[in-house]
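Data first, discussion second: the structure below is written as structure tokens.
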Amino acid sequence: MPQFLEHSGTSWKGQRLKHAQSPIDRIDPRVRVIVAFLFALVVVSSSRFSVLLAGLGTALLLAGLAHLNFKRTLRRVVAMDMFMIFLVIMLPFTTPGEALFTLAGIPASTEGMMHAFQIALKANAVVLCLLSLVGTMSATTLGHALARLHVPDKLVHLLLFTVRYLDVIGQEYKRMRRAMQARAFVLRSDRHTWCSIGYLVGMLLVRSLERSERIADAMKCRGYNGRFYLLDEMVLTRPDFVFIPLCTLVLGALTGLSFI
Amino acid sequence: MHIVDGALSGLVLASGAALAAGGVAYGLKKLDYDHLPQVGVLSAAFFVASYIHLPVGFSSVHLILNGLIGLALGWAAFPALLVALVLQAVFFGFGGFLVLGVNTFNIALPAVLMFYLCRHGITAASPKIAGIWGAVGGAGAVALTTFMVAGSLALSGEAFWLAAKATLIAHIPVMLVEGFVTAAAVLLIRKVKPEFLNISEDWQDA
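Put into structure tokens, the structure is as follows:
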């Protein structure tokens, strides 16, 4: 796999990743999560090309509205497409039906082709919508929005913790890898590499565990009794009252289109 | 290992979501507030570790490590993995929204099963036996996950049978690598911080 297509979670920038201010930022995070969910529901449950194309159009529109970084978004969408291409590419050959063309003696059916295109359209539309509506808020905001939507307390706390320490642990990992590189360690496909990486992972876990003990102590010292207080009040404001009817209209139209 | 939105049938999506919700609820029930920081930080560590790409032949694989996650967290693997998958879907565009349930279940259930299967093995007195159990946990979890992914695809339509089989074959090298990596990690943790693997048992039974 080419280097640039590799997702690297070790460069998780989470809260520091800059994105251009956009009208989407002014919409209530709860509304954005719900709309993204409903959009996914409508698009995935439909099997009409008109709906899927309109859905992808809507998602592209949202991406434009959210001023998504073009290069970054393209990289992510392409990475996802590369991932599912193996799944999709076989469909025309395994679905029985009218032969469209033959490749190496195996007929490719029109039905299978259609199915493959449908999956590609759905996946891209949902991911674009998700990236533009939910991916543009900070992970902490997402946690708060989920809490306000009555997602269980502990799950939200877990999310907030994970997000907070992703960067710290990522730095720790990079430091250890640099130490290995300084000792001339090169990744190869042999047992030595796997064992060394295993030790690296084990050490990373041990250090993380010890860090978490210090964190827990520090939190208890400051009166942690098992809950975070979410101080921000989320209220619907004027942009929301424009956005909600608009979304209802679009989603309604998409749903209607799938029944015509 | 992620399935994207749009591929699976409604029934598979719904049952996956329901099963995952059950697992997450049980995991959260077992997880008390005192251990939240621990699970949160470990979950971050696994998130980072799961992006290590290793070369295998001409291609590369990335670690999943769900066997090790299960051994370290037990049932808390369910919420921890859900959180990781949400973050991946939302901020990296990896996976999808409606398939979150299926993906969580496919990765977390093998983790929990390996916890029950191997937790005694990895505390064995002989390092060799412990290492073998670690390898069984690492490779077994990936194997089970692969079977479940293939199963989800196969259940969604006969046209996916070939893709399901291809998934199984493509993941054999991943199982091998995960086995070695998990065994090494278990051996190291035993030596450096033996209470790690017991700590998690302590509060599992509480």
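Here the protein sequences come in this chain order: A and B.
Sequential numbering of the first sequence, starting at 123, is according to my numbering.
Sequential numbering of the second sequence, starting at 3, is according to my numbering.
Where is the CB? At the ideal position from N, CA and C, for every residue including glycine.
Every value quoted in this text rests on a predicted model; they were computed, and no experiment measured them.
Beta strand (DSSP E) segment containing VAL58 of chain B, residue limits
Along the second sequence, read from residue 1 onward, the residue named residue 58 of chain B stands at position 56. 55–58 is the span of the beta strand (DSSP E), which, as asked, contains VAL58 of chain B.
Identify every run of the alpha helix (DSSP H) within the stretch 132–190 of chain B, keeping only runs that are complete inside it and at least 4 residues long; order them along the chain.
163–172
Can you give me, in chain order, the residues of the stretch 340–363 of chain A that have a beta carbon less than 7 Å from any beta carbon in chain B?
MET341, GLY348
Under a CB-based cut-off of 7 Å, is LEU102 of chain B close to chain A?
Counted from its first residue, the second sequence places residue 102 of chain B at position 100. It does not; no Cβ of chain A falls within 7 Å.
Below 8 Å on the Cβ atoms is my guess for GLY153 of chain B versus VAL166 of chain A; work out the distance and round it to an integer in Å.
As a working note, residue 153 of chain B is residue 151 in the second sequence. As a working note, residue 166 of chain A is residue 44 in the first sequence. In fact, because the Cβ distance is near 20 Å, the residues do not count as touching under 8 Å.
State yes or no: is the beta carbon of ALA110 of chain B nearer than 7 Å to at least one beta carbon in chain A?
Counting from 1 along the second sequence, the entry for residue 110 of chain B is found at position 108. No, because no Cβ of chain A sits closer than 7 Å to the Cβ of ALA110 of chain B.
In chain order, what residues of the same chain lie with their CB nearer than 7 Å to the CB of PHE307 of chain A, ignoring the 5 residues before and after it?
Translated into the one-based positions of the first sequence, residue 307 of chain A becomes position 185. Excluding residues within five positions, the ones whose Cβ falls inside 7 Å are SER318.
Collapsed DSSP secondary structure at ILE228 of chain A in the structure displayed:
By one-based count along the first sequence, residue 228 of chain A stands at place 106. Correct three-state label for ILE228 of chain A: strand.
Going by DSSP, what residue range makes up the beta strand (DSSP E) through SER62 of chain B?
As a first step, residue 62 of chain B must be located in the second sequence, where it is residue number 60. Start and end: 61–64.
Could you tell me the boundaries of the alpha helix (DSSP H) in which LEU377 of chain A lies?
What you label residue 377 of chain A is simply residue 255 of the first sequence in a count that begins at 1. In the sequence under discussion, the amino acid at residue 377 of chain A is Thr, which differs from the Leu named in the question. Taken as a continuous stretch (DSSP letters only), the alpha helix (DSSP H) holding THR377 of chain A covers 360–379.
Tell whether a beta-carbon distance below 7 Å holds between TYR28 of chain B and TRP77 of chain B.
Along the second sequence, read from residue 1 onward, the residue named residue 28 of chain B stands at position 26. Along the second sequence, read from residue 1 onward, the residue named residue 77 of chain B stands at position 75. Contact: yes.
Chain-order list of residues whose beta-carbon lies under 7 Å from that of SER202 of chain B (same chain, five-residue window excluded):
Position 200 of the second sequence holds residue 202 of chain B. Low local confidence applies: a pLDDT of 47 at SER202 of chain B is under 50, so the model's placement there is unreliable, and no value is given.
Is it buried or exposed, PRO145 of chain A, if we count other Cβ atoms within 10 angstroms and call 16 or more buried?
Working through the first sequence from its first residue, we reach residue 145 of chain A at position 23. Taking all protein chains shown into account, PRO145 of chain A has fewer than 16 neighbouring C-beta atoms within 10 Å of its C-beta and is therefore exposed.
Environment of GLU332 of chain A [buried if 16+ CB atoms lie within 10 Å]
Numbered from its first residue, the first sequence carries residue 332 of chain A at position 210. Exposed is the call here.
Compute the Euclidean distance between the alpha carbons of ALA93 of chain B and LEU222 of chain A, then round it to the nearest angstrom.
Locating residue 93 of chain B in the second sequence gives position 91, where the first residue counts as 1. Locating residue 222 of chain A in the first sequence gives position 100, where the first residue counts as 1. Note that residue 93 of chain B is Phe in the sequence shown, not Ala. Roughly 38 Å separates the two Cα atoms.
Go ahead and label VAL63 of chain B buried or exposed: buried means 16 or more other beta carbons lie within 10 angstroms of its beta carbon, across all protein chains shown.
For this step, residue 63 of chain B is matched to residue 61 along the second sequence. Under this definition VAL63 of chain B is a buried residue.
Any C-beta of chain A under 7 Å from that of GLY76 of chain B
Numbered from 1 along the second sequence, position 74 holds the residue referred to as residue 76 of chain B. No, GLY76 of chain B lies away from the interface with chain A (no Cβ there is under 7 Å from its Cβ).
Among A:LEU309, A:LYS342, A:VAL328, which has the Cα closest to the Cα of PHE60 of chain B?
As a position in the second sequence, residue 60 of chain B is number 58, starting the count at 1. It is A:LEU309.
Coil, strand or helix - PHE223 of chain A by DSSP:
The residue you call residue 223 of chain A lines up with position 101 of the first sequence. PHE223 of chain A falls in the strand class under three-state DSSP.
Member of A:PHE215, A:MET236, A:GLY234 whose CA lies at the smallest distance from the CA of ALA226 of chain A:
Sequence index remark: in the first sequence, residue 226 of chain A carries index 104 (1-based). ALA226 of chain A has its Cα closest to that of A:PHE215, out of A:PHE215, A:MET236, A:GLY234.
Look up MET325 of chain A in the DSSP assignment and say whether it is helix, strand or coil.
Counting from 1 along the first sequence, the entry for residue 325 of chain A is found at position 203. Residue state, collapsed to three classes: helix.
Taking C-alpha atoms, which residue in A:LEU368, A:ARG344, A:VAL364, A:LEU288 lies nearest to TYR53 of chain B?
In the second sequence, the residue the question calls residue 53 of chain B occupies position 51. If we check each option's Cα against that of TYR53 of chain B, A:LEU288 comes out closest.
Selection of the stretch 65–99 of chain B by Cβ proximity to chain A, strictly under 9 Å:
Answer in chain order: LEU65, LEU67, LEU70, ALA74, ALA78, PRO81, ALA82, LEU84, VAL85, ALA86, VAL88, LEU89, GLN90, ALA91, VAL92, PHE93, PHE94, GLY95, PHE96, GLY97, GLY98, PHE99.
Let's test the definition: count the other Cβ atoms within 10 Å of the Cβ of GLN143 of chain A and tell me whether it reaches 16, buried, or not, exposed.
To locate residue 143 of chain A, count along the first sequence from 1; it is residue 21. GLN143 of chain A is exposed by the Cβ-count criterion.
Would you check if the stretch 106–121 of chain B and the stretch 77–86 of chain B touch, i.e. whether three or more CB-CB distances between them fall below 8 Å?
yes
Measuring CB to CB, does VAL188 of chain B end up less than 7 Å from GLY123 of chain B?
Mapped onto the second sequence, residue 188 of chain B falls at position 186. Mapped onto the second sequence, residue 123 of chain B falls at position 121. Against a cut-off of 7 Å, the Cβ pair of GLY123 of chain B and VAL188 of chain B comes out as no contact.
Of all Cβ atoms in chain A, is any one closer than 7 Å to the Cβ of TYR118 of chain B?
For the purposes of this step, residue 118 of chain B is identified with residue 116 of the second sequence, where counting begins at 1. So no, TYR118 of chain B is outside the interface.
Excluding sequence positions up to five away, which residues of its chain have a Cβ less than 7 Å from the Cβ of PHE381 of chain A?
In the first sequence, residue 381 of chain A corresponds to position 259, counting from 1. Taken in chain order, the list of residues that qualify is empty.
Using only CA atoms, which one of A:SER254, A:THR180, A:VAL153, A:VAL164 lies nearest to PHE192 of chain A?
As a working note, residue 192 of chain A is residue 70 in the first sequence. Ranking A:SER254, A:THR180, A:VAL153, A:VAL164 by Cα distance to PHE192 of chain A puts A:SER254 first.
Less than 7 Å between the beta carbons of ARG152 of chain A and ALA267 of chain A, yes or no?
Numbered from its first residue, the first sequence carries residue 152 of chain A at position 30. Numbered from its first residue, the first sequence carries residue 267 of chain A at position 145. Yes, Cβ-Cβ distance for ARG152 of chain A and ALA267 of chain A is below 7 Å.
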